[in-house]
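Asks: Before I ask anything, here is the structure I am working with.
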Ligand code: ADP
Ligand code: MG
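In the UniProt record's numbering, the protein residues as written are 1 to 238.
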């Protein structure tokens, strides 16, 4: 059974349809990348998995539960955003601990989980700093730390690297992959960058105008694109 099953999911904002019945199965531990041009519906689909948007049609299941009507806090997911969304007046440590405290996690457990995440992400020296005292890459790591401490079944990333400069982007790409190899958490990763998709994905979902054009492993799409759009999109440099 798929860890995340997106079945014939549609979305309309008012009368405007932005997703026209998309289906994707994501296996346990898989790293799936949703890729496509700006405006094709990637973030909307991810936000529906997170519970931040309602579903207009179809079903989304996480594990063996249909989650269409569950609020975000009741879904076993953690999302990392492009703009980091850190709390400016909380330290790195407090930013990472916050969601756990909201859930009334035992303080010793919170401390242990924050320490482990800080170790994994090389953030231990920065725990008492505030976001403004960090570089862009460090802020992105804190955002990832906040996701890791929750120990979710599924990580959701929405263009997490697009605010970073090119060199840091390449480095963070590697770090996110290493993190995935270490934790093996099922991941849905959204990007409009075909290089990110090709280098990071176990499976790529190519979207255009609210529809899926093709699903496959990076080399499959490269060698056997279903149409000219996929060929052009996957084949061309960003
Ligand atoms: P992507 O992440 O691929 O760039 P989005 O999912 O953000 O695309 O947007 C898909 C389409 O839905 C776009 O046309 C966008 O303008 C529209 N859209 C997204 N959010 C809203 C909203 N809250 N209200 C109305 N239209 C929206
Ligand atoms: Mg988007």
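Virtual Cβ for every residue (Gly too), placed ideally from N, Cα, C. None of the values given here were measured: they were computed from a predicted structure.
Less than 7 Å between the beta carbons of residue 80 and residue 166, yes or no?
Replies: In the chain shown, residue 80 corresponds to position 80, counting from 1. In the chain shown, residue 166 corresponds to position 166, counting from 1. Not in contact: residue 80 and residue 166 (Cβ atoms no closer than 7 Å).
Asks: Nearer than 6 Å: is that true of the beta carbon of residue 42 relative to any heavy atom of ligand 1?
Replies: Along the chain shown, one-based indexing puts residue 42 at 42. Result yes, Cβ under 6 Å from ligand 1.
Asks: Taking 6 Å as the cut-off, does the CB of residue 233 come closer than this to any heavy atom belonging to ligand 1?
Replies: Numbered from 1 along the chain shown, position 233 holds the residue referred to as residue 233. No, the Cβ of residue 233 stays beyond 6 Å of every heavy atom of ligand 1.
Asks: If you measure from the CB of residue 155, is any heavy atom of ligand 1 nearer than 6 Å?
Replies: Residue mapping note: residue 155 aligns to position 155 of the chain shown, counting from 1. Residue 155 Cβ: outside cutoff for every heavy atom of ligand 1.
Asks: If we cut at 7 Å on Cβ distances, does residue 15 have a partner in chain D?
Replies: The structure shown contains no chain D, having only a single protein chain.
Asks: Are the beta-carbon atoms of residue 207 and residue 40 separated by less than 7 Å?
Replies: Here residue 207 corresponds to residue number 207 of the chain shown, with the count starting at 1. Here residue 40 corresponds to residue number 40 of the chain shown, with the count starting at 1. For residue 207 and residue 40, yes; Cβs fall inside 7 Å.
Asks: I need the DSSP call for residue 100, collapsed to helix, strand or coil.
Replies: Taking the chain shown and counting its residues from 1, one reaches residue 100 at position 100. Of the three classes helix, strand and coil, the one that applies to residue 100 here is helix, per DSSP.
Asks: Which residues in the same chain as residue 31 place their Cβ atom closer than 7 Å to its Cβ, once the five residues preceding and following it in sequence are excluded?
Replies: Taking the first residue of the chain shown as 1, we reach residue 31 at position 31. The answer, listed in chain order, is 180, 187, 189, 200, 201 and 202.
Asks: Taking all protein chains shown into account, decide if residue 213 is buried (16 or more other Cβ within 10 angstroms of its Cβ) or exposed.
Replies: As a working mapping, residue 213 is identified with position 213 in the chain shown. With 16 or more other Cβ atoms within 10 Å, it is buried.
Asks: What residues in its chain sit with their C-beta under 7 Å from that of residue 169, if we drop five residues either side in the sequence?
Replies: Mapped onto the chain shown, residue 169 falls at position 169. Contacts found: 161.
Asks: Short check: CB of residue 58 to CB of residue 95, under 7 Å?
Replies: Looking up residue 58 in the chain shown gives position 58. Looking up residue 95 in the chain shown gives position 95. Not in contact: residue 58 and residue 95 (Cβ atoms no closer than 7 Å).
Asks: Which one or two residues does DSSP pair with residue 187 in a beta bridge?
Replies: To locate residue 187, count along the chain shown from 1; it is residue 187. Paired residue(s): 31 and 155.
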